[in-house]
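Contents: one structure, followed by commentary.
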Amino acid sequence: MSVSTRHFCVSDTCALQDDQNSLGVVMRTLADVDSHDPDPIKDYKEGIARDEDISHALFHDFLSSGVPPKGTVLVAWFYQSRPSLIPEAKLRLLDRTLVIGDVVKRDLQSAMSGTVIGIYGECVLHYPQRFDKSFNDARTIQRLFDVVPYEFVPGVPIDELESAEKWYEGDFMIFRGWVGRVEHVDREVTLLLANGTVVVVENSEELEYVGLESEEGLSLGCCVRTTRGNLRRGTWKLGAFNPNIDPVGIIVSLRPFNISVVWLLNGAPRYISSNPPPSELNCDFYERERGNFKKYDSSRLPATTNDRFSDYDETVFAPGACVKFKDIAAACVKYDGRTSIDGFSRGKVVRIPTEDTLGVDLNTFHVLRTSTRAKVLWQDLTTSIQQAVDLIPDWNIGDEDEVWPGEIVFSPSNRKNLTSQSYASFKPTKVGVVQSVNAQDRLASVRWFDNPEIHFFGRHLRHPARTGNLSGPAEDVSMYDIQSLLTITRRRGDFVYLNHNYTGALHPDGINVIDWFGKVVDLDLDGSVSVRLGALDEVRDIKVPAECLTLVYSEDMFSDDGSTDSDATGDSRDDLVTDRNITYEYEYEGNGGRPLDYDDEGDGWTTDDDADNGLESPRSLEVEGIGDPVATIESTTPSGTQLIQDDRDNSATMTLVSSDTSKPTDYPSSSPLLPSFSVLDDLVPVNHHFITSQPLSHTSLNKRRILKEHNMLSSSLPQGIYVRTWESRLDLLRVLIIGPTDTPYELAPFLFDLRLTETFPNTPPKAFFHSWTGGQGPVNPNLYEDGTICLSLLGTWHADGKSENWTPGKSTILQVLVSLLGLVLVKDPFYNEAGYDVRAGSEESAMASKRYSERAYCGARNFIIHALKYPPEGVETEIKHLYGAINDDTSGLLQKAIKNLEEVVERSQSNEGGGTERRVSKGALVLLRRQIQQLRELDRVGDIEMTDVNSLS
171 MSVSTRHFCV SDTCALQDDQ NSLGVVMRTL ADVDSHDPDP IKDYKEGIAR DEDISHALFH
231 DFLSSGVPPK GTVLVAWFYQ SRPSLIPEAK LRLLDRTLVI GDVVKRDLQS AMSGTVIGIY
291 GECVLHYPQR FDKSFNDART IQRLFDVVPY EFVPGVPIDE LESAEKWYEG DFMIFRGWVG
351 RVEHVDREVT LLLANGTVVV VENSEELEYV GLESEEGLSL GCCVRTTRGN LRRGTWKLGA
411 FNPNIDPVGI IVSLRPFNIS VVWLLNGAPR YISSNPPPSE LNCDFYERER GNFKKYDSSR
471 LPATTNDRFS DYDETVFAPG ACVKFKDIAA ACVKYDGRTS IDGFSRGKVV RIPTEDTLGV
531 DLNTFHVLRT STRAKVLWQD LTTSIQQAVD LIPDWNIGDE DEVWPGEIVF SPSNRKNLTS
591 QSYASFKPTK VGVVQSVNAQ DRLASVRWFD NPEIHFFGRH LRHPARTGNL SGPAEDVSMY
651 DIQSLLTITR RRGDFVYLNH NYTGALHPDG INVIDWFGKV VDLDLDGSVS VRLGALDEVR
711 DIKVPAECLT LVYSEDMFSD DGSTDSDATG DSRDDLVTDR NITYEYEYEG NGGRPLDYDD
771 EGDGWTTDDD ADNGLESPRS LEVEGIGDPV ATIESTTPSG TQLIQDDRDN SATMTLVSSD
831 TSKPTDYPSS SPLLPSFSVL DDLVPVNHHF ITSQPLSHTS LNKRRILKEH NMLSSSLPQG
891 IYVRTWESRL DLLRVLIIGP TDTPYELAPF LFDLRLTETF PNTPPKAFFH SWTGGQGPVN
951 PNLYEDGTIC LSLLGTWHAD GKSENWTPGK STILQVLVSL LGLVLVKDPF YNEAGYDVRA
1011 GSEESAMASK RYSERAYCGA RNFIIHALKY PPEGVETEIK HLYGAINDDT SGLLQKAIKN
1071 LEEVVERSQS NEGGGTERRV SKGALVLLRR QIQQLRELDR VGDIEMTDVN SLS
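First residue of the sequence shown: 171, per the numbering used here; consecutive thereafter.
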C-alpha cells in the first residue's frame, strides 16, 4: 500500500512528510465515529491549531461538531501542547496500534477479514528530558548527564521492557478474590532538586515540563518546573525549603495515593464476600494491604512460549510511555553503543546508580516510536505476518455480522413466533464450531457437536451447560442460518472467569493463587479456548471448554454512561444498547427509497444533489394539518433529502419533495376499501405492548387534542401506513407500515404500538416495535429487537438541534409515522447507525453497507412470513387484504414479494441485470430459496385472499 493511499486511524503514530522528527498520534478521524465527541477544544487547554490548508469555515464546523472534515485528522504532537487539525496528505504513517483480537482487512474492498492472533513490536527509546545543562553547578544533577552519553536506543523488542509504574489506567487488579479494573490513578510526586534536597510537592497540577513536553503525563526521571509556593507547602523528605534554589527538579517518585477501581467480579472459589473492596483505594489502605494485591500483566508470557508474536498491553508501550528494561544489566551489555542493526548503532544503555538518586531507580526511558508486526488468522484459515501499517482495522464489524474460525455458533431455526427475544428460553437445534469462512459468498464451514446440552435464556447461557465432542465432517452453511452469542462465544483478548463447574484443577486456595481469571489468547477448532493465567507467579496457558468461561471484560463493554458491563454481573455484551440515532429531518422516501406508489418510469425522487446537477425543480405534495403555527423547519438528511414544514393560519403544511408525475404503481390503495386510519369498536389486542397501562383520562383538552391527531391521520397519512385505534382506548394505537420499494424493507410489514400519555402532547408518545427477527439481530439500527425505537422525535436519542426534538404544540403523531417510513426504512440503513452518516459514500463503508442491506432484506422477508402465519390482532384484516389477490388481473403483495424474490435469485445466480439491481451472496441465496418455498406454501393454503369490503368499514 503506497503512502498516498494510506488510511489513518485513531492511535496511529505519524510524522510530517517534510519533517520526520515531528512525531504525533492521531486522535480523531472522519471514519472513526467513536472519536466524534462535540466541542473537541474542551480537551485541550492550549487550544487546537489549524493547518493553513484548512479553511476557517471547515475549522469552525470541526470545533463545534468534533468531526474532522474529509481528508483531515486531528493529531496530538509529542512535546507540543497544541494538537493540529491537518490534511492527511501532509502526514506520513509510521506505525499502527493493534492488539490481539482486533479485526483487520488487507484493503477496504476486501470481503475477507482476519483476527490478530499475535503481536511483535520494537521501539526506539530515549532518556527522559533532564535538567538543562545550565544547571551544571549541581553535582548531583551533572552526574546524571555524565552517565547518559547517548540519547536514543533504537531496535528494542517490546518483550524486553515493562512499565515503569506499578499501576496504570486499564490494569486489572485482583484483591482477596475480587477482580477490578483500574479507572484512574492519582499520584504524589517527589522531586530531587538541584541542591540534593527532596520534596513531595503539594499539587502535581502545578508541575510543567522543562524543555520537551510529554502528552503522556508525568513520568520518572523527567525534569519539571513548579512554583516556589508549591515546594514550600510540600512535605520535605530530605533537607528544607530554600527560596534561593530555582524550583526545578527531577521526578524520583510517583507514589499512588489514590486508585479508583471498578470491581467486576468476586471469583475466588473458596472465598465468598458479599461486599466488594472500596472503589477508592487510598494510600493507607493500599500500603496496609499491598501484599494482597495482584496484577494481571499481559506482557508476562509462559516459560514454554517460544513464539515472539504474543501479547502485550499496547497502552503501556505506546509512544510517550515511560518504561524500563526487565533486566537492566543485560540491556547494558546488549546495547553497548558499538553493535549495530542494518548499519546503525544500537545506542548505549548505561545504568544510573541508585546511590546517585537517593536509592530510587531512575533507569527509565520514554518510548519515542514503535514498529509493529502482526500475525493474522484470516477467515479462510490462512495466516500471515504483516506490518501493522499494511492492515486496516475493520470499523464496520458488528457482533451480528461475522464469524471467524474457532467460534461457537448455533442454528436458531427452532425459535418460532418470538415477538420479544429478551426473555425467550430456547434450545438450539445445532451447536458447532466454525472451521473456516468464505466471506465473499457468506458461507461458513461448521463442524457440529454431538448431543450438546446448551440452553439459552434470552441471550444468556443457562448452566449447567455442555458442548461435548465434535462429530462428522465439516458442513458448509449459510451465515444467515447460524448465530453466535457472546455469552458462549469468546473472542481473543477477552478477560474471562473460569466457572466453578469447570472440571479442571483449580487451586483450592483461589485467593493467593489466581488460576480462575485470565485472558483469551486462542480459539481452537475443536471448540476449546486457550486462556492465559497471567496473574499466577508462573504464567501458564490452559485449554477450557467454551461453556466453562464467563466474560468479565472486553474493550466494547461500556454502557452509555461510561460504566462497565459484564456477564459476571448478570449482563452480556449482547445486551448493551449501542447508540443509534436518526435525527428529525424529513423526506417522505428517505435516503433514496421510494414510496409504494412510485412509478418506475418516472424520474424518481429528487435530492439536493440532483438539484445541484441541474435537474428540474420537484413538485410538492402537500399534507395538511401537521400542527400548531410555530415556525418553518427545514432539515436535511445526510443524503440531501428534505421535508419542509410551513405553518400558516393554524394549518401547517408538510411538503414531501418528489419529481414523480407519472401514474402510481399498482398497489392496494388507502381508500374506503382499506382506510389508512380507523377507530375500531372491538377489544384492544391482548398483545398490544401498552395494554396494561393506565387509560388516559378523558379531559376536554385531551379529547380535543386526540381528535385533532385523528383528523390529521385520517386525511394525511402517506401510502403504506395504516393506523388503528379503539373506542375503548383512544390513547392506544397500532400502526402497520409496509416497507417502501427500492429498500431492503420493500413489501414487508412492520408493526408498531403507540401510547399517548397524560403529558401528551407536551411529551412524545410512547412507542414499541414488534421485532420478528427470531433473535438473529436487528433489521435496522433504529429498531431494536427489544422493541426500542431510537428516534430523536420520540426522545429516545439526543437531538443535535431543537427542530429534531418533540416540540409541544407542533410535533404530531403523523410526523413520527412519516419519520418511521421515510427516515428509518431507508435504502441504505447502515448509515442510520449513530455517527455513520459521515461515512455515506465512503470507500471504507461500502462493503459493510452492502452486507447490512443484504441481511436486512433477508430479515424483512421473514417479517412477511411471520405476519402471514401469525396475523397481528388489530390489523389482521389489513394484512389479508394487502397480501391477498386484488382481482383476476392484479396481484397482492404476497405474489409481488414472491416475484421479487424469484427475480433476485435469478439475477444473483446468472449475474445479469443492471448495476443497481439487487443481488445477493450465495449464503443469502440459501435463505431466499427457502423463503420462496415458505411463501408459496402460504399462497397455496388459500388463507391469504381478498377481504370483504364490508369487514373493513
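Using N, Cα and C, we set each Cβ at its ideal position, and we do this for glycine too.
Owing to the predicted nature of the structure, the values given are computational and were not obtained by experimental measurement.
Per-residue DSSP class, three states only, for residue i
i       : result
Glu879  : helix
Val120  : Since the first residue shown for the chain is 171 and the last is 1123, residue 120 is missing from the structure and cannot be characterised.
Phe580  : strand
Pro919  : strand
Thr199  : strand
Cys1028 : helix
Cys502  : helix
Ala185  : strand
Glu378  : strand
Glu372  : coil
Phe860  : coil
Ala334  : coil
Ser606  : strand
Glu974  : helix
Met343  : strand
Val323  : strand
Thr162  : Since the first and last residues shown for the chain are 171 and 1123, residue 162 lies out of range.
His536  : strand
Rounded separation between residue i and residue j - CA only
i       : j       : result
Ile256  : Arg220  : 7 Å
Asp531  : Ala334  : 10 Å
Pro643  : Lys336  : 49 Å
Gly194  : Asp497  : 29 Å
Gln279  : Gln610  : 11 Å
Asp685  : Arg402  : 49 Å
Glu928  : Lys936  : 11 Å
Tyr954  : Glu725  : 22 Å
Lys464  : Leu331  : 19 Å
Ser884  : Thr895  : 12 Å
Glu292  : Tyr1001 : 38 Å
Asp692  : Leu903  : 51 Å
Ser700  : Asn952  : 37 Å
Gln556  : Ile562  : 11 Å
Thr659  : Glu717  : 8 Å
Val431  : Asn462  : 15 Å
Val601  : Leu434  : 29 Å
Lys1092 : Ile578  : 22 Å
Thr540  : Ile652  : 40 Å
Asn436  : Ser654  : 27 Å
Beta-bridge pairing of residue i - partner residues as DSSP gives them
i      : result
Val988 : Beta-bridge pairing links Val988 to no other residue.
Val893 : Phe847 and Val905
Asp646 : Ser615
Asp265 : Thr183
Ile712 : Val701
Leu233 : For Leu233, which the question treats as bridged, DSSP gives no partner whatsoever.
Ala723 : Before going further, note that residue 723 is Tyr rather than Ala in the sequence given. DSSP output for Tyr723 lists Phe665 as bridge partner(s).
Neighbour flag for residue i against chain E, beta carbons, 7 Å
i      : result
Leu186 : Chain labels in this structure do not include chain E; a single protein chain is all it has.
If we count Cβ pairs, one from each stretch, closer than 8 Å, do we get three or more for the stretch 1069-1079 versus the stretch 920-931?
no
Taking contact to mean at least 3 C-beta pairs separated by less than 8 Å, is the stretch 198-213 in contact with the stretch 1006-1021?
Yes: the two stretches touch, three or more of their Cβ pairs being nearer than 8 Å.
Counting only runs that start and end within the stretch 392-471, where is the beta strand (DSSP E) found for 3 or more residues in a row?
393-395, 405-408, 418-436, 450-452 and 463-466
Tell me, please, whether the stretch 1029-1040 touches the stretch 936-954 by the rule of three or more beta-carbon pairs shorter than 8 Å.
yes
If we count Cβ pairs, one from each stretch, closer than 8 Å, do we get three or more for the stretch 535-548 versus the stretch 619-637?
no
For the stretch 909-918 against the stretch 846-858, do three or more pairs of beta-carbon atoms, one drawn from each stretch, fall closer than 8 Å, so that the two count as touching?
The stretch 909-918, when compared against the stretch 846-858, does not touch it at the 8 Å Cβ threshold.
Would you call the stretch 405-421 and the stretch 389-396 touching, i.e. three or more CB-CB distances under 8 Å?
yes
Decide yes or no for the touch test of the stretch 869-880 against the stretch 948-967: beta carbon pairs closer than 8 Å, at least 3 of them.
no
Quick one: any contact between the stretch 178-185 and the stretch 265-277, if contact means 3 or more CB pairs under 8 Å?
yes
Count the C-beta pairs between the stretch 405-417 and the stretch 343-351 that are closer than 8 Å, then say yes if the count reaches three, no if not.
no
Count the C-beta pairs between the stretch 444-461 and the stretch 361-381 that are closer than 8 Å, then say yes if the count reaches three, no if not.
no
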